[in-house]
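Inspection log for the structure reproduced underneath, given as C-alpha cells.
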Amino acid sequence: MKSDAKISVNLDGTPYPLYIGKDVIQRLPQYITDATKNKKVILIYDVFFENTVISILRKLLEQAGFDVLLHALQAGKGNKNINEALKVYSKLEEYNFARDSTLIALGGGVIGDMSGFIASTWLRGMNLVHIPTTLLAMVDSSVGGKTAINFRSTINGIGSYYHPILNLIDLNLVASLSERDYRSGLAEVIKCAIIHDKLFFDHLSQNKAKILSREPSYVTDFIERTIHIKIRHVQGDVKEGGKRLLLNYGHTLGHAIEISTVDKYGQEQLRHGEGVSIGIMAVAHIASRHLGIDSEIEYSLEKILKEYGLPVEVSSSLLGFDRDRLIRSCLDNVVKDKKRLDNKLRLILADSIGSADVYNDVPFSLIEETFNLIIKE
Ligand SMILES: NC(=O)c1ccc[n+]([C@@H]2O[C@H](COP(=O)([O-])OP(=O)(O)OC[C@H]3O[C@@H](n4cnc5c(N)ncnc54)[C@H](O)[C@@H]3O)[C@@H](O)[C@H]2O)c1
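For the sequence shown, the numbering used here assigns the number 6 to the initial residue and increments by one for each residue that follows.
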C-alpha cells in the first residue's frame, strides 16, 4: 500500500492517526480495517459529492467486505440542526448500528460538526471517521474534537467534545472548492500564523500567488503547518481553559457579525472564515488602542487579508441591513456571549505577529467604537 504522510494525534489520551496526501481516500477501507473489526459503516456526505467521490468510495468499501449505508446532507449552516440529525438517528436505529460500527463524515464543517455530534451521542459514542472536504474543515473543524448542531438562534448550541478514530485529508478535494470557500479556509490558516508563528506569517505573505493558485506542494505545506499549530493549542486543553482559547483569535467579534447578518430565511450570509477575517481586523484595531502597540501590525494584518481576497469590513446595505441596527445587534450578541462566560468579556489580542494572549479588561466602549469603524453603510 502507498504510504501517506501521517500525523499522530493525541489530544486527551485517545490517540488516532491523521493521514494527508493525494488519493488518501482510496485507502479508506484499509485504514478502517486497521482501526476496527466491525464492517458496518454509515457514510454521511455532502450531496455535492453524490455522483463522484461517493460512488467510488461505496464501491471500494463494498469490495473490501463492508456493509455500507449512505446518507446525503445539504451543506450550509442552516442545515446543521436537530431535524437533520434525527433522520440519521432513525437510520442508525433501523439498521442496528453498534458502538463499534463506524460513522464516516465526508464534507465541510457543517457535515463534520453534525456527524461528529451524532457519532458522539449514538449509544453514547460510536466510531467516527472524518474526511474533511473544505479547507476550513481540513485545517480547523475536523481537528480538536468540537462537534455541534445549531439550536434556534444559538450557533453550536448543542454539542460535545469527541474525537474520531481516523482523519483522512485528501488533497485532491481542494481542487473543486470554490474560490470563496478556499479563501474562507485560508482565514483560519492566517489566524494560526498570527497567534503563533511569525515565520509562517511571512511565508504566507511572500507566497500568496502560489498559495492562491493552489500549487500542491504549497497547499500540503500550509495545511500541515496549520494542523500542527491547532494540535499544539488543543493538546491537554481540549475543553478550552487555557491555550486553546488563543485559537478563538478573531472569533468573538467575527462570530457576532456572522450571526447578526443571518438573512430572513435563517441562512448566514458570511462564510465562517469571512467572519473570522473581519473579526481579526476588529481585534487588530482593539489591540492598537488597548495595548498601545505599533499600528504597523494592524496595517500588516489588513494587507495580508486583503491580498488573500478576504473581507476586512462589513457593508450593511449590501447584506440588506440598516447600519445602526446591525451595530446594535452585533453588540447584543457580544453581550450574550459575555453572559455565557461568567460575565467576562474575553478577547484574544495579538501584541505582535506570532504572539497572542487572553485579555479580560477590554472596555465595552472600545468594542462599540470598533464595530462603528468596521461596519460601513
Ligand atoms: N468544530 C470546529 O472546531 C469548527 C471550527 C470552525 C468552524 N466550524 C463550523 O464549520 C462550519 C462551516 O464549515 P464550512 O465552511 O466547511 O461549510 P460547509 O460545510 O457548509 O461547506 C461550504 C461549501 O463548500 C461546499 N464543498 C464542500 N467540500 C467541497 C469541495 N471539496 N469542493 C467543492 N465544494 C465543496 C459545500 O457543499 C458548501 O457549499 C460552521 O458550521 C462552523 O460553525 C466548526
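Even for Gly, the Cβ is constructed at its ideal location relative to N, Cα and C.
Helix, strand or coil at Leu-182 [DSSP, three-state]: In the sequence shown, residue 182 corresponds to position 177, counting from 1. Three-state result, Leu-182: coil.
Where Leu-111 falls: helix, strand or coil (DSSP): Within the sequence shown, the letter at position 106 stands for residue 111. Reduced to three states, the DSSP call for Leu-111 is strand.
Residue burial classification, Asp-299 (beta-carbon count within 10 angstroms, cutoff 16): Residue 299 sits at position 294 when you count from the first residue of the sequence shown. Taking all protein chains in view, the Cβ of Asp-299 is surrounded by fewer than 16 other Cβ atoms within 10 Å, so the residue is classified as exposed.
beta-carbon Leu-350 near ligand 1 non-hydrogen atom, thresh 6 Å: In the sequence shown, residue 350 corresponds to position 345, counting from 1. Relative to ligand 1, even the nearest heavy atom lies 6 Å or more away from the CB of Leu-350.
For Tyr-21, three-class secondary structure by DSSP: Counting from one through the sequence shown, the residue named residue 21 turns up at place 16. Three-state result, Tyr-21: strand.
Whole runs of the alpha helix (DSSP H) within the region 225 to 294, excluding any shorter than 4 residues: 256 to 265
Beta bridge counterpart(s) of Ala-214 as assigned by DSSP: Position 209 of the sequence shown holds residue 214. Answer is none; Ala-214 lacks a bridge partner.
Any non-hydrogen atom of ligand 1 within 6 Å of Phe-156 CB: Sequence index remark: in the sequence shown, residue 156 carries index 151 (1-based). Not under cutoff, so the answer is no.
DSSP state of Ala-124 mapped onto helix, strand, coil: Taking the sequence shown and counting its residues from 1, the one referred to as residue 124 is at position 119. Secondary structure at Ala-124: helix, using DSSP grouped into helix, strand and coil.
Nonlocal neighbours in the same chain, by C-beta distance under 8 Å from His-260, ignoring five residues either side: To locate residue 260, count along the sequence shown from 1; it is residue 255. Result list for His-260: Ile-160, Gly-280, Gly-284, Asn-338 and Asp-342, in chain order.
Beta carbon of Asn-172 nearer than 7 Å to that of Asp-105: Locating residue 172 in the sequence shown gives position 167, where the first residue counts as 1. Locating residue 105 in the sequence shown gives position 100, where the first residue counts as 1. No, the Cβ-Cβ distance between Asn-172 and Asp-105 is not below 7 Å.
Pairwise C-alpha distance: Val-194 and Leu-145: Within the sequence shown, numbered from 1, the residue matching residue 145 stands at position 140. Within the sequence shown, numbered from 1, the residue matching residue 194 stands at position 189. Note that residue 145 corresponds to Asp in the displayed sequence, not to Leu. Using only the alpha carbons, I get a separation of about 9 Å.
Phe-53 CB to nearest heavy atom of ligand 1 below 6 Å: As a first step, residue 53 must be located in the sequence shown, where it is residue number 48. Under cutoff, so the answer is yes.
Length of the line joining the Cα atoms of Leu-23 and Ile-12: Position 18 of the sequence shown, counted from the first residue, corresponds to residue 23. Position 7 of the sequence shown, counted from the first residue, corresponds to residue 12. Cα-Cα distance, rounded: 5 Å.
Beta-ladder partner(s) of Phe-102, from DSSP: What you label residue 102 is simply residue 97 of the sequence shown in a count that begins at 1. Bridge partners of Phe-102: none, in fact.
Check: Val-243 C-beta below 6 Å from any heavy atom of ligand 2: In terms of ligand content, the structure shown lacks ligand 2 and carries ligand 1 instead.
heavy atom of ligand 1 below 6 Å from Asp-118 C-beta: Position 113 of the sequence shown, counted from the first residue, corresponds to residue 118. Yes, the beta carbon of Asp-118 sits closer than 6 Å to at least one heavy atom of ligand 1.
Cα-Cα separation, Gly-26 to Val-239: Within the sequence shown, the letter at position 21 stands for residue 26. Within the sequence shown, the letter at position 234 stands for residue 239. Taking the straight line from one Cα to the other gives about 23 Å.
Distance between Gly-149 and His-168 (C-alpha atoms, nearest Å): As a first step, residue 168 is located in the sequence shown; it is residue number 163 there, counting from the start. As a first step, residue 149 is located in the sequence shown; it is residue number 144 there, counting from the start. Computed Cα separation, rounded: 7 Å.
Residue from Trp-127, Glu-99, Ile-174 and Phe-102 with nearest C-alpha to Gln-31: As a working note, residue 31 is residue 26 in the sequence shown. Taking only the C-alpha atoms, the option nearest Gln-31 is Ile-174.
Run of the alpha helix (DSSP H) containing Leu-74, from where it starts to where it stops: Along the sequence shown, read from residue 1 onward, the residue named residue 74 stands at position 69. Run containing Leu-74: none in the alpha helix (DSSP H); it sits in the beta strand (DSSP E), 72 to 78.
Bridge partner(s) assigned by DSSP for Ile-298: Here residue 298 refers to the residue found at position 293 when the sequence shown is read from its first residue. Bridge partners of Ile-298: none, in fact.
Ligand 1 heavy atom lying under 6 Å from the CB of Ser-181: Here residue 181 is taken as the residue at index 176 of the sequence shown, counted from 1. Flag set: Cβ of Ser-181 near ligand 1.
Status (buried if at least 16 other CB within 10 Å, exposed otherwise) for Pro-137: What you label residue 137 is simply residue 132 of the sequence shown in a count that begins at 1. By the neighbour-count rule (16 or more Cβ atoms within 10 Å), Pro-137 is buried.
Endpoints, beta strand (DSSP E) assigned at Asn-132: To locate residue 132, count along the sequence shown from 1; it is residue 127. Where Asn-132 is concerned, the enclosing beta strand (DSSP E) stretches over 132 to 137.
Distance cut-off 6 Å: Asp-186 Cβ against heavy atoms of ligand 1: Here the question's residue 186 lines up with position 181 in the sequence shown. Checking the Cβ of Asp-186 against ligand 1 gives yes.
N-terminal and C-terminal residue of the beta strand (DSSP E) that Asp-175 is part of: Sequence index remark: in the sequence shown, residue 175 carries index 170 (1-based). Its beta strand (DSSP E) spans residues 171 to 175.
Tyr-36: first and last residue of the uninterrupted alpha helix (DSSP H) it sits in: Within the sequence shown, numbered from 1, the residue matching residue 36 stands at position 31. Looking at the DSSP string, the run of the alpha helix (DSSP H) that includes Tyr-36 is 33 to 40.
Among Asp-327, Tyr-304 and Lys-381, the one whose alpha carbon lies nearest that of Ile-358: The count along the sequence shown starts at 1 and reaches residue 358 at position 353. With distances taken between Cα atoms, Ile-358 lies closest to Tyr-304.
Beta-carbon separation (whole angstroms), Leu-323 vs Ser-265, contact threshold 8 Å: Counted from its first residue, the sequence shown places residue 323 at position 318. Counted from its first residue, the sequence shown places residue 265 at position 260. Wrong, their Cβ atoms sit about 14 Å apart, outside the cutoff.
Thr-138 Cβ short of 6 Å to ligand 1 heavy atom set: Taking the sequence shown and counting its residues from 1, one reaches residue 138 at position 133. Yes - ligand 1 has a heavy atom lying nearer than 6 Å to the Cβ of Thr-138.
DSSP bridge partner residues for Lys-381 (one or two, in chain order): The sequence position of residue 381 within the sequence shown is 376, counting from 1. Looking at the DSSP assignment, Lys-381 forms a beta bridge with Ser-320.
Sequence-distant residues of its chain with Cβ nearer than 8 Å to Phe-122 (five each side left out): Indexing the sequence shown from 1 puts residue 122 at position 117. Ala-90, Thr-152, Ala-153, Ile-154, Ile-163, Gly-164, Ser-165 and Tyr-167, listed in sequence order.
Backbone CA spacing between Lys-301 and His-208 [nearest angstrom]: Residue 301 sits at position 296 when you count from the first residue of the sequence shown. Residue 208 sits at position 203 when you count from the first residue of the sequence shown. Going by the sequence as given, residue 301 is Glu instead of Lys. Going by the C-alpha atoms only, they are around 18 Å apart.
Nearest neighbour of Lys-82, chosen from Ile-61, Glu-245, Gly-112 and Tyr-364 [CA to CA]: In the sequence shown, counting from the first residue as 1, residue 82 sits at position 77. When only C-alpha atoms are compared, the closest one is Gly-112.
Distance CB(Ala-355)-CB(Ile-199) smaller than 7 Å: One-based indexing of the sequence shown puts residue 355 at position 350. One-based indexing of the sequence shown puts residue 199 at position 194. It is a contact, given that the beta carbons lie within the stated cut-off.
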